[in-house]
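Peer 1: What follows is a structure written as structure tokens; I'll ask about it next.
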Amino acid sequence: MNKMINAAVGALLAITLATGSSAGMPSSAAPSAPNASARPLAGLTIAIDPGHQLGNARFPRQINQLVDAGGFKKACNTTGTATNAGVPEATVAWQVSRAVRARLVRMGAKVVMTRNANSRHLWGPCVDKRGAFPGQHGAALMVSIHADGSSARNRGFHVIAPQKRAPWTTTTAKPSLRLATQLRDALTSAGVPRSTYVGSGTALSVRSDLGTLNRSVVPVSMIELGNMRNASDAAKMTTRRGRAQYADAIVAGVRSYLGRS
Ligand SMILES: [Zn+2]
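Here it is in structure tokens:
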């Protein structure tokens, strides 16, 4: 764009701003009012848990403190894994979480996140706090976003739901598995390959050892986006386009679980 056009656009923008939203413009150019179909998630709060925190490795005392992970003690958190090129899991989890949040907000949801920064100066929160978080914020559900570290030839995503263990997951185990299944189906439909090493082709895993899942009072699933040590999975996680593919699929899974597709 040349300078003259830029100036003209700038002037027009200034006039539009000065005269208010659409005053003086033809009605066909006025923005349409939000409606239910454009905002299918209006009225809902959704919690996102971006796994780990970039600074965890620098705070070993804090992240190794033992917390109640659902009737047993476990380390507050871990450092997470990384790609062979050194891109940390915390960063990929953060980037995909932000992409998911942007999409959910556009659809009218209120989104709350267990951490609001990705910083080497920060650690945590601990898994007990992550688990309690969605219930404390009135969320309908929580999706915890991680990426795995396995041997290089293993690849693909899997989704983890909490095992039924009274009293911790008595009410959440069943709906969480339904949520995990919807997320699995949406990721599969989006063309993300299923895990070749967890879940025997189902890309689903039910576990009892994860505080984030055990401590939640609302339906919760944890997604392992792929194997960071696998070149093809790592390529998807470290490009904007790849992360958009994950985010679109996660949002589709959340919507179908909620019946708001
Ligand atoms: Zn992780």
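Each residue of the sequence shown is one higher than the one before, starting from 5 at the first, in the working numbering. Built from N, CA and C at the ideal position, the CB exists for glycine as well. Note that this is a predicted model, so its numbers are computed, not measured.
#1: If you measure between the beta carbons of Arg-219 and Gly-84, is that distance less than 7 Å?
#2: Once you ignore the five residues that flank Lys-240 on each side, which residues in its own chain have a CB closer than 6 Å to its CB?
#3: From the DSSP output, read off the bridge partner residues of Thr-83.
#4: Could you check the C-alpha separation between Ala-143 and Ala-51 for me, to the nearest Å?
#5: Between which two residues does the beta strand (DSSP E) holding Arg-211 run?
#6: For the alpha helix (DSSP H) that Val-258 lies in, which residues bound it at each end?
#7: State whether the region 109–121 contacts the region 41–51, with contact taken as three or more CB pairs (one from each stretch) at a distance under 8 Å.
#8: Leaving out five residues on either side along the sequence, give the residues of the same chain with a beta carbon under 7 Å from the beta carbon of Gly-205.
#9: Sorted by chain position, which residues of the same chain lie with C-beta nearer than 8 Å to Lys-178's C-beta, five sequence neighbours on each side aside?
#10: Roughly how many angstroms separate the alpha carbons of Ala-73 and Trp-127, rounded to a whole number?
#11: Within 10 angstroms of the Cβ of Ala-106, are there 16 or more other Cβ atoms? Answer buried if so, exposed if not.
#12: Taking the C-alpha atoms as reference points, what is the distance between Met-117 and Ala-194?
#13: Determine the direct distance from the alpha carbon of Phe-76 to that of Ala-103, and round the result to whole angstroms.
Peer 2: For this structure:
#1: no
#2: Gly-246
#3: DSSP lists no partner for Thr-83.
#4: 6 Å
#5: Taken as a continuous stretch (DSSP letters only), the beta strand (DSSP E) holding Arg-211 covers 208–211.
#6: Taken as a continuous stretch (DSSP letters only), the alpha helix (DSSP H) holding Val-258 covers 244–262.
#7: yes
#8: Arg-198
#9: Lys-168
#10: When rounded, the distance between both Cα atoms is 18 Å.
#11: With a 10 Å radius around the Cβ and a threshold of 16 neighbouring Cβ atoms, Ala-106 comes out exposed.
#12: Approximately 24 Å between the Cα atoms of the pair.
#13: 34 Å
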